[in-house]
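K.L.:
Just remember that this note's numbering sits 237 ahead of the position in the sequence shown, which is counted from 1.
Here it is, the structure, as C-alpha cells.
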Amino acid sequence: MSALREGIFKREGEGILKPKNTDSKHIEIPVKFTCAQYRDGVIDGILTLIEEDHAPYLDLFHTNKDTKFSLCANLDDGELNIESLSISSVSLQMDERVELRDITFTADYLKLKHREISSATNKMFCRFNVSNLKSINTIFEIEEGKVEFVDYKGDIWRDIEIYKKSGITGFVRIELNDEVKLQSIEAYKSLLFKRINKILLLASLSQGTYISWAFFELFEQNNEGEYERVYSERRTIPSAFSARHELTPCGGLSNYFKKTYPNYTDNLDTDLGFYFAVEWYLESLNRLLLESRYLGLFTVLETFVYRFATTQEPPIEFILDDNDFKRFKKKLKKPMKDCLSALSIDTNKDMRNGLYSNLSCLNRYSFRYNLTMFLRYYKIGYSDIIKDLNDLGVLKEVRDNIIHRGISERDFDDLIEAYDKVMALVQRIFLAILNYEGEYRNGINKKLETFKKYPNNDWSAAR
238 MSALREGIFK REGEGILKPK NTDSKHIEIP VKFTCAQYRD GVIDGILTLI EEDHAPYLDL
298 FHTNKDTKFS LCANLDDGEL NIESLSISSV SLQMDERVEL RDITFTADYL KLKHREISSA
358 TNKMFCRFNV SNLKSINTIF EIEEGKVEFV DYKGDIWRDI EIYKKSGITG FVRIELNDEV
418 KLQSIEAYKS LLFKRINKIL LLASLSQGTY ISWAFFELFE QNNEGEYERV YSERRTIPSA
478 FSARHELTPC GGLSNYFKKT YPNYTDNLDT DLGFYFAVEW YLESLNRLLL ESRYLGLFTV
538 LETFVYRFAT TQEPPIEFIL DDNDFKRFKK KLKKPMKDCL SALSIDTNKD MRNGLYSNLS
598 CLNRYSFRYN LTMFLRYYKI GYSDIIKDLN DLGVLKEVRD NIIHRGISER DFDDLIEAYD
658 KVMALVQRIF LAILNYEGEY RNGINKKLET FKKYPNNDWS AAR
C-alpha cells in the first residue's frame with residue numbers, strides 16, 4: 238500500500254447529518270458513520286442510514302449531487318463536526334422499500350473538540366501537520382514563542398514522487414510563551430492560524446512548492462504538568478503534485494526564518510501584494526508550458542509594481558489628475574488634426590478617432606518607469622541580470638507577444654534566457670524586500686551562493 242494512503246485518523250459512531258445548501262436544510266438524518274484522514278490529506282468515510290424508510294432521502298442523496306452536508310456527533314472523546322461533506326457514491330436497492338447502501342463521502346473539514354480550556358494561565362502548545370515540507374533541525378523564535386519543524390521518516394517522499402501527489406511529510410510545533418494567555422479555543426485558533434499561514438507562505442517561497450497544513454492540534458498543560466489535547470481540526474490539502482524549486486537551502490531554514498519572518502509584516506501584503514505575488518510565483522513554477530511560466534513570473538513583477546505605484550503618496554499610476562488630463566486631451570484634438578494635415582498624412586474620421594481615443598495612454602506612467610522607481614526605492618540591483626532598464630523592454634515585449642499573439646516570437650534558447658532573467662529578478666525582489674541574508678540559488682547560473690541585494694551597487698548614488 239502507498240504511504241500516501243496510510244491512515245492517520247479514524248473515528249466511528251452515530252450522529253446527525255444535515256443538508257446545508259438546499260431547500261431541505263431543516264432535515265436531520267440519523268446515521269452511523271466511519272470517517273478517516275490519510276497521509277495525502279484526504280478526508281473520507283461511509284454513512285449508513287439508521288431509519289428503515291430511506292424513500293424520503295432518495296432525491297437528496299441520489300439525484301442532488303451538488304448538495305453539501307454537515308455531520309455532528311458526540312463521541313467518547315469529544316464533539317465531532319464534519320463540514321462541507323459531499324456524497325461520492327450511493328448504491329440503490331428497490332424491493333418492497335427503497336434502500337440506500339454504501340453511501341461514501343469526502344469532506345473538506347473535520348473538527349473534534351475534546352474539552353474547553355480549563356484555565357487561561359496554563360501553558361499551551363500546538364502542532365500543525367504539513368505537506369511537502371523538508372527541513373533539517375529548523376528552530377526559530379516568533380513573538381509568541383518557539384517554532385520547530387520536524388520531518389517524518391519513511392517512504393512518503395518516494396511515493397510523492399511516484400504518484401505525483403501531495404503528502405503529509407512532517408509537522409510544525411509552536412510552543413507558546415507564558416505571556417500568551419487567551420480565554421478560548423477560538424481565540425487560539427485565530428492567532429495560530431494567522432501565524433502558520435505566514436510561516437508556511439515563507440516556507441513555500443523558500444522551497445518553491447506549495448506547503449499547507451492538513452491538521453491542527455491544540456494542547457494544554459494540566460495540573461500534573463502533562464499536556465492534554467483540547468482541540469483538533471483536519472482539512473483536505475491540494476492533491477496536485479507540486480515540484481520543488483528551492484530558492485534557499487532546506488538546511489538553512491532556521492537562518493531563513495530568523496531573517497525573513499520579522500520582515501513579513503501586514504504592510505507587505507497591503508503595499509506590495511506579497512501574498513498574491515508568492516501565489517503567482519508558485520503557480521508559475523508548476524506550469525508545463527514555458528510561455529505560461531513566463532507570464533506567471535511577469536505577473537509577479539506587475540503585482541509588485543502596480544501595488545507599489547498605487548500606494549505611494551501621491552500615487553504614480555497617472556501623470557495628471559483626471560480633470561486636468563480631460564482638459565489637456567480636449568485641447569489636443571484640433572492641433573492633432575492640423576498637424577496631420579500639415580504633414581500631408583492622409584487620415585479619415587475613424588483613423589483620427591482611433592488616435593484620439595488612444596491619447597489616454599499618454600497619462601499613464603510606463604511599466605518601465607514604475608519598475609525603476611520600485612527598484613530604486615528598495616535599492617534592489619539589476620545590472621548583473623539585465624544590461625540596463627532599456628533591456629527590460631525586450632523582456633516586456635516577450636510578455637506582450639505571448640498575450641496578444643499567442644507566441645513569444647523568440648527562439649527557444651532566447652526564450653529560456655529571457656525566462657531566466659525574469660526569474661532571477663523576481664527572486665531577488667522577494668529576498669530583498671524580506672531583508673534576507675544567507676545562501677540562495679542564483680536564477681542565472683543555478684549555483685548556490687551568498688545573496689546580495691545589489692551586487693553592482695546600481696543605486697549607490699540613490700537617495
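Backbone N, C-alpha and C fix where the C-beta goes; we use that ideal spot for every residue, glycine too.
From this set, Lys401, Tyr602 and Tyr501, which residue's C-alpha is nearest Ser479's C-alpha?
P.N.:
As a first step, residue 479 must be located in the sequence shown, where it is residue number 242. Selected option, being the one with the closest Cα: Lys401.
K.L.:
How far does the beta strand (DSSP E) with Cys487 in it extend, from its first residue to its last?
P.N.:
Reading the sequence shown from its first residue, position 250 is the one you call residue 487. Taken as a continuous stretch (DSSP letters only), Cys487 belongs to no beta strand (DSSP E), as it is neither H nor E.
K.L.:
Please give me, in chain order, every unbroken run of the beta strand (DSSP E) with length at least 3 that falls completely inside the region 264 to 312.
P.N.:
Complete beta strand (DSSP E) runs here, min 3: 266 to 275, 280 to 286 and 305 to 312.
K.L.:
Quick check: the Cα distance between Val663 and Gly643, rounded to an integer number of angstroms?
P.N.:
The residue given as residue 663 occupies position 426 in the sequence shown. The residue given as residue 643 occupies position 406 in the sequence shown. Each residue's Cα considered, the two are about 23 Å apart.
K.L.:
Just to confirm, are Phe362 and Phe456 a CB contact at a threshold of 9 Å?
P.N.:
In the sequence shown, residue 362 corresponds to position 125, counting from 1. In the sequence shown, residue 456 corresponds to position 219, counting from 1. Contact: yes.
K.L.:
Mark Phe649 as exposed unless 16 or more other C-beta atoms lie within 10 angstroms of its C-beta, in which case mark it buried.
P.N.:
Here the question's residue 649 lines up with position 412 in the sequence shown. With fewer than 16 Cβ atoms within 10 Å of its Cβ, Phe649 is classed as exposed.
K.L.:
Would Ile411 and Ile433 qualify as a contact pair, given that the criterion is a beta-carbon distance under 9 Å?
P.N.:
Residue mapping note: residue 411 aligns to position 174 of the sequence shown, counting from 1. Residue mapping note: residue 433 aligns to position 196 of the sequence shown, counting from 1. Result yes, Cβ atoms of Ile411 and Ile433 sit closer than 9 Å.
K.L.:
Can you tell me where the alpha helix (DSSP H) holding Leu387 begins and where it ends?
P.N.:
Taking the sequence shown and counting its residues from 1, one reaches residue 387 at position 150. Looking at the sequence shown, residue 387 is not Leu but Val. It is not in any alpha helix (DSSP H) - Val387 instead sits in the beta strand (DSSP E) that spans Gly382 to Asp388.
K.L.:
Given a threshold of 16 other Cβ atoms within 10 Å of its Cβ, counted over all protein chains shown, does Gln420 qualify as buried or as exposed?
P.N.:
Here residue 420 corresponds to residue number 183 of the sequence shown, with the count starting at 1. Counting Cβ neighbours within 10 Å, Gln420 comes out exposed, since fewer than 16 surround it.
K.L.:
Tell me the rounded alpha-carbon separation between Pro486 and Ile617.
P.N.:
On the sequence shown, residue 486 is found 249 positions in, with the first residue counted as 1. On the sequence shown, residue 617 is found 380 positions in, with the first residue counted as 1. Approximately 22 Å, taken between the alpha carbons.
K.L.:
Can you round the beta-carbon distance between Leu347 and Ile280 to whole angstroms, since I take them to be within the 8 Å contact cut?
P.N.:
Position 110 of the sequence shown, counted from the start, is the residue given in the question as residue 347. Position 43 of the sequence shown, counted from the start, is the residue given in the question as residue 280. About 5 Å; that satisfies the 8 Å criterion.
K.L.:
At the level of alpha carbons, what is the spacing between Ala699 and Tyr615?
P.N.:
As a position in the sequence shown, residue 699 is number 462, starting the count at 1. As a position in the sequence shown, residue 615 is number 378, starting the count at 1. Any reading at Ala699 needs caution, since the residue's pLDDT is 49, under 50, leaving its predicted position unreliable; the model's value is listed next. Roughly 10 Å separates the two Cα atoms.
K.L.:
Which same chain residues end up closer than 8 Å to Ile640 when comparing Cβ atoms and leaving out the 5 residues on each side of it in sequence?
P.N.:
For the purposes of this step, residue 640 is identified with residue 403 of the sequence shown, where counting begins at 1. Correct list, in chain order: Leu532.
K.L.:
In angstroms with no decimal places, state the Cα-to-Cα distance between Thr540 and Gln274.
P.N.:
To locate residue 540, count along the sequence shown from 1; it is residue 303. To locate residue 274, count along the sequence shown from 1; it is residue 37. Those two C-alpha atoms are separated by around 37 Å.
K.L.:
Distance check for Thr548 and Lys496, CA to CA, integer angstroms please.
P.N.:
Working through the sequence shown from its first residue, we reach residue 496 at position 259. Working through the sequence shown from its first residue, we reach residue 548 at position 311. For Lys496 and Thr548, the distance between alpha carbons rounds to 25 Å.
K.L.:
Using the C-alpha atoms, what's the distance from Tyr447 back to Met660?
P.N.:
Looking up residue 660 in the sequence shown gives position 423. Looking up residue 447 in the sequence shown gives position 210. Going by the C-alpha atoms only, they are around 18 Å apart.
K.L.:
Do you know how far the Cα of Pro552 is from the Cα of Ala240?
P.N.:
Here the question's residue 240 lines up with position 3 in the sequence shown. Here the question's residue 552 lines up with position 315 in the sequence shown. Cα-Cα distance, rounded: 53 Å.
K.L.:
Assuming Thr609 is part of the alpha helix (DSSP H), what are its boundary residues?
P.N.:
Residue numbering aside, residue 609 sits at position 372 when the sequence shown is read from its first letter. Thr609 -> alpha helix (DSSP H) spans Phe604 to Tyr615.
K.L.:
Start and end of the alpha helix (DSSP H) containing Ile433?
P.N.:
Reading the sequence shown from its first residue, position 196 is the one you call residue 433. It spans Ile422 to Gln444 - the alpha helix (DSSP H) in which Ile433 sits, taken as one unbroken run.
K.L.:
Strictly by DSSP, which residues pair up with Glu316?
P.N.:
In the sequence shown, the residue the question calls residue 316 occupies position 79. Looking at the DSSP assignment, Glu316 forms a beta bridge with Asn311 and Lys350.
K.L.:
To which residues of the same chain is Leu668 closer than 7 Å at the C-beta, ignoring the five residues directly before and after it?
P.N.:
Position 431 of the sequence shown holds residue 668. These residues qualify, in order along the chain: Tyr677 and Phe688.
K.L.:
Can you tell me whether Leu413 is helix, strand or coil according to DSSP?
P.N.:
One-based indexing of the sequence shown puts residue 413 at position 176. Correct three-state label for Leu413: strand.
K.L.:
Less than 8 Å between the CB atoms is what I'm expecting for Leu632 and Arg605, so what's the real figure, rounded?
P.N.:
Numbered from 1 along the sequence shown, position 395 holds the residue referred to as residue 632. Numbered from 1 along the sequence shown, position 368 holds the residue referred to as residue 605. Not really, about 10 Å apart at Cβ, beyond 8 Å.
K.L.:
Express the C-alpha separation of Ile393 and Asn311 in angstroms, rounding to a whole number.
P.N.:
On the sequence shown, residue 311 is found 74 positions in, with the first residue counted as 1. On the sequence shown, residue 393 is found 156 positions in, with the first residue counted as 1. Going from the Cα of Asn311 to the Cα of Ile393 covers about 33 Å.
K.L.:
Can you give me the C-alpha to C-alpha distance between Leu525 and Gly445, rounded to a whole angstrom?
P.N.:
Locating residue 525 in the sequence shown gives position 288, where the first residue counts as 1. Locating residue 445 in the sequence shown gives position 208, where the first residue counts as 1. Their backbone Cα atoms lie some 15 Å apart in a straight line.
K.L.:
Using a threshold of 9 Å, state whether the C-beta atoms of Ser441 and Leu519 are closer than that.
P.N.:
Translated into the one-based positions of the sequence shown, residue 441 becomes position 204. Translated into the one-based positions of the sequence shown, residue 519 becomes position 282. In this structure, Leu519 lies closer than 9 Å to Ser441 by Cβ.
K.L.:
Does the separation of the CB atoms of Ile622 and Lys567 fall below 9 Å?
P.N.:
Stepping through the sequence shown from its first residue, residue 622 is reached at position 385. Stepping through the sequence shown from its first residue, residue 567 is reached at position 330. Result no, Cβ atoms of Ile622 and Lys567 do not sit closer than 9 Å.
K.L.:
Is Leu370 closer than 9 Å to Ala752 when the C-beta atoms are compared?
P.N.:
The shown model of the chain, from 238 to 700, leaves out residue 752, and the question about it has no answer.
K.L.:
Please report the straight-line C-alpha distance between Pro499 and Asn595, rounded to a whole angstrom.
P.N.:
Here residue 499 corresponds to residue number 262 of the sequence shown, with the count starting at 1. Here residue 595 corresponds to residue number 358 of the sequence shown, with the count starting at 1. One C-alpha to the other measures close to 45 Å.
K.L.:
Candidates Glu686, Ile324, Ile373 and Leu580: which alpha carbon is nearest Leu295's?
P.N.:
Here residue 295 is taken as the residue at index 58 of the sequence shown, counted from 1. Of the listed residues, the one whose Cα sits closest to Leu295 is Ile324.
K.L.:
Have a look at Arg352 and Tyr468 and give me their C-alpha separation to the nearest angstrom.
P.N.:
In the sequence shown, counting from the first residue as 1, residue 352 sits at position 115. In the sequence shown, counting from the first residue as 1, residue 468 sits at position 231. Cα to Cα, Arg352 sits roughly 7 Å from Tyr468.
K.L.:
Among Val387, Ile340, Arg242 and Asp388, which has the Cα closest to the Cα of Val268?
P.N.:
Residue 268 sits at position 31 when you count from the first residue of the sequence shown. The shortest C-alpha separation from Val268 is found at Ile340.
K.L.:
Would you give the residue range spanned by the alpha helix (DSSP H) that Asn366 belongs to?
P.N.:
Within the sequence shown, numbered from 1, the residue matching residue 366 stands at position 129. That residue, Asn366, is in no alpha helix (DSSP H); its beta strand (DSSP E) goes Met361 to Ser368.
K.L.:
Are the beta-carbon atoms of Tyr602 and Leu612 separated by less than 9 Å?
P.N.:
Taking the sequence shown and counting its residues from 1, the one referred to as residue 602 is at position 365. Taking the sequence shown and counting its residues from 1, the one referred to as residue 612 is at position 375. Result no, Cβ atoms of Tyr602 and Leu612 do not sit closer than 9 Å.
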